[in-house]
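Quick note: the sequence shown, position 233, residue 471 per our numbering, numbers continuous.
Note that beta-carbon positions come from the ideal geometry of N, C-alpha and C, so glycine has one too.
Remember, it's a predicted structure, so these values are computed and weren't measured experimentally.
Below is one structure, written out as structure tokens; comments come after it.
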Amino acid sequence: MPVTRDVLRSFGRAARATLLADPAASKEVKARVEDFKAGERWARNFVKRNSIDSVRLHGEAGSVNKEAIKEAMEELKALCAKYPARLIFNVDETGLQWKLMPRRTYLSNLEDRKTGRGSRGMFFKDRLSAIMCANADGTAKVDMSIIGKAKGPRCFNDTPSPLKYFSQANAWSDTATFRKWWCEVFLPFVRRFTHEPVLLLMDGCASHGDLVDDRGQVTIKFYPPNCTSVHQPMDLGIIAETKCNYRKELLDVKTSTMLVADTLRAEAKARKMKAGTMGLAQGHQPHVRDAAELLQKAWASVTAQDIASFGGTKLAGTRVSTGREEEDEEEDSGDDNTGLARRVPPAYGELSSHFGVLEAAAEESGNGDAALYLAKAKMAMIAAHSKRRVRQADMREFVATE
239 MPVTRDVLRS FGRAARATLL ADPAASKEVK ARVEDFKAGE RWARNFVKRN
289 SIDSVRLHGE AGSVNKEAIK EAMEELKALC AKYPARLIFN VDETGLQWKL
339 MPRRTYLSNL EDRKTGRGSR GMFFKDRLSA IMCANADGTA KVDMSIIGKA
389 KGPRCFNDTP SPLKYFSQAN AWSDTATFRK WWCEVFLPFV RRFTHEPVLL
439 LMDGCASHGD LVDDRGQVTI KFYPPNCTSV HQPMDLGIIA ETKCNYRKEL
489 LDVKTSTMLV ADTLRAEAKA RKMKAGTMGL AQGHQPHVRD AAELLQKAWA
539 SVTAQDIASF GGTKLAGTRV STGREEEDEE EDSGDDNTGL ARRVPPAYGE
589 LSSHFGVLEA AAEESGNGDA ALYLAKAKMA MIAAHSKRRV RQADMREFVA
639 TE
């Protein structure tokens, strides 16, 4: 269960109730906790005192069974060792709500957050899928392809899409669409890039089957199930960085046209432009061609060093020099799963010195139940901070040491 401030407050209230109901607790102890409410401020200060961070959980990474995939990953690493990094490619798809604006904004005290500026942007659910592919050292980025619902968007009538566009009823990558990408985008790119054998890594999605290279140049290897979130370079930051770049590009355009949007819309109306052909340049929401142009810029902004820092160090165990090894070693605390810097959670002794009035009262009264509630709170927060699961045996040992 995620540990929130409400959970922490419930632990505090339970500890208070236990102390007040304990006949062995002194009047001084009960007086100290009588007015304790375990409010929002207490929870906030507790988190601050213990230097605990709020983290966003990721379900895919949590479902990875390391032992189950260990043998398969060893085989994959052995296969990758036969290829230089520049000849190992990784492909993945991602969805993009291309009209959706950021969820945070600044409002004055007089504005209503439910109807304030930017709230309408939360209702845009238009989605595209993007197919992204690059090699391990970042020296070869396959041109991005996008998948939309419309067979022929009106915005392409005058100016074609800068990216390869495929249509699918739900804007998803199905077997037929991915096979088109394979034949029309990837294989031609590989032929231009090299005549040497190439390894393509991808997840085992059903739409990725049935691919054939008549020249035998490309070998396809699938990742073991439920492990791409911790082993596939595209999932380790390349896709996320591209989406961040896209939002930045979109905000830049919206900001630059914000003051003249009414004028641009009036001019478009005077020219009798049809629905679907009016986009950012006309003061409207982006259409598919706008999204394609912004995605092209966003993908171009992802550097070879960026890709190598994910693909080179994580792509099935291969290692690529990115010029950032010393920096990465300083930041990495040894977590092989995520590659993110981790701080060692504070020791129990350090937490005890900062826990405040409840802990002092529990220790003074010697109430075991109250101490257990406090220990649960500490262990829960340490678990959230370190992103590790805490076993009941660990907690019993943890309490016993006190």
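Which of helix, strand or coil DSSP assigns to Gly545: To locate residue 545, count along the sequence shown from 1; it is residue 307. Going by the sequence as given, residue 545 is Ile instead of Gly. If DSSP states are grouped into helix, strand and coil, Ile545 belongs with the helices.
Using beta-carbon positions only, say whether Gly250 and Ala269 come within less than 8 Å of one another. Sequence index remark: in the sequence shown, residue 250 carries index 12 (1-based). Sequence index remark: in the sequence shown, residue 269 carries index 31 (1-based). No. Outside cutoff.
Using only the alpha-carbon positions, how far apart do Gly333 and Ala368 sit? Residue numbering aside, residue 333 sits at position 95 when the sequence shown is read from its first letter. Residue numbering aside, residue 368 sits at position 130 when the sequence shown is read from its first letter. CA-to-CA, the gap between Gly333 and Ala368 works out to about 6 Å.
Does the stretch 424-438 touch the stretch 313-333, meaning 3 or more C-beta pairs lie closer than 8 Å? The stretch 313-333 makes contact with the stretch 424-438, as at least three CB pairs between them are under 8 Å.
Skipping 5 residues on each side, what residues in its chain have a beta carbon closer than 6 Å to that of Ser445? One-based indexing of the sequence shown puts residue 445 at position 207. Result list for Ser445: Ser411, Asp412, Thr413, Phe416, in chain order.
Own chain partners of Thr407 with C-beta closer than 7 Å, once the 5 adjacent residues on each side are dropped: Walking along the sequence shown from the start, residue 407 turns up at place 169. According to the sequence provided, residue 407 is Ala. The question's Thr does not apply to it. The answer, listed in chain order, is Lys387.
Just to confirm my understanding: we take Gln335, look at its own chain, exclude 5 residues before and 5 after, and list those with CB closer than 7 Å. What are they? To locate residue 335, count along the sequence shown from 1; it is residue 97. For Gln335, where only same-chain residues beyond five positions count, the Cβ hits under 7 Å are Phe362, Lys363, Asp364, Arg365.
Please name the residue in Ala374, His433, Ile384 whose C-alpha comes closest to that of Val423. On the sequence shown, residue 423 is found 185 positions in, with the first residue counted as 1. Comparing Cα-Cα distances from Val423 to each of Ala374, His433, Ile384, the minimum goes to Ile384.
Give the C-beta separation of Met311 and His469 to the nearest angstrom, bearing in mind that I take them to be a contact with Cβ-Cβ under 8 Å. The residue you call residue 311 lines up with position 73 of the sequence shown. The residue you call residue 469 lines up with position 231 of the sequence shown. The pair is a contact, with the Cβ atoms about 7 Å apart (cut-off 8 Å).
Tell me which residues share the same chain as Gly265 and place their Cβ nearer than 6 Å to its Cβ, disregarding the 5 neighbours each side in the sequence. Against the sequence shown, residue 265 aligns to sequence position 27. The question names Gly, yet the displayed sequence has Lys at residue 265. The beta carbon of Lys265 is closer than 6 Å to none in its chain, skipping five residues each way along the sequence.
Taking only three categories from DSSP, how would you classify Met472? As a working note, residue 472 is residue 234 in the sequence shown. Of the three classes helix, strand and coil, the one that applies to Met472 here is helix, per DSSP.
Beta-carbon contacts of Ala513 that lie in its chain and below 8 Å, excluding the five residues immediately before and after: Here residue 513 refers to the residue found at position 275 when the sequence shown is read from its first residue. The beta carbon of Ala513 sits closer than 8 Å to those of Arg392, all from its chain and outside the five residues before and after it, given in chain order.
Comparing alpha-carbon positions, which option in Ile290, Ala259, Pro261, Arg254 lies nearest Thr242? Residue numbering aside, residue 242 sits at position 4 when the sequence shown is read from its first letter. Comparing Cα-Cα distances from Thr242 to each of Ile290, Ala259, Pro261, Arg254, the minimum goes to Ile290.
With DSSP as the reference, identify every bridge partner of Thr332, one or two as the case may be. To locate residue 332, count along the sequence shown from 1; it is residue 94. Thr332 is bridged to Ala368.
Go ahead and label Met370 buried or exposed: buried means 16 or more other beta carbons lie within 10 angstroms of its beta carbon, across all protein chains shown. Here residue 370 corresponds to residue number 132 of the sequence shown, with the count starting at 1. Met370 should be labelled buried.
Report the rounded CA-to-CA distance for Glu305 versus Ala259, giving the unit in angstroms. Locating residue 305 in the sequence shown gives position 67, where the first residue counts as 1. Locating residue 259 in the sequence shown gives position 21, where the first residue counts as 1. Approximately 47 Å between the Cα atoms of the pair.
DSSP beta-bridge partners of Asn373: For this step, residue 373 is matched to residue 135 along the sequence shown. In the DSSP output, where bridge partners are listed per residue, Asn373 has Phe327.
With a threshold of 16 other CB atoms inside 10 Å of the CB of Arg282, please say whether the residue is buried or exposed. Residue numbering aside, residue 282 sits at position 44 when the sequence shown is read from its first letter. The residue is exposed, with fewer than 16 neighbouring Cβ atoms inside 10 Å.
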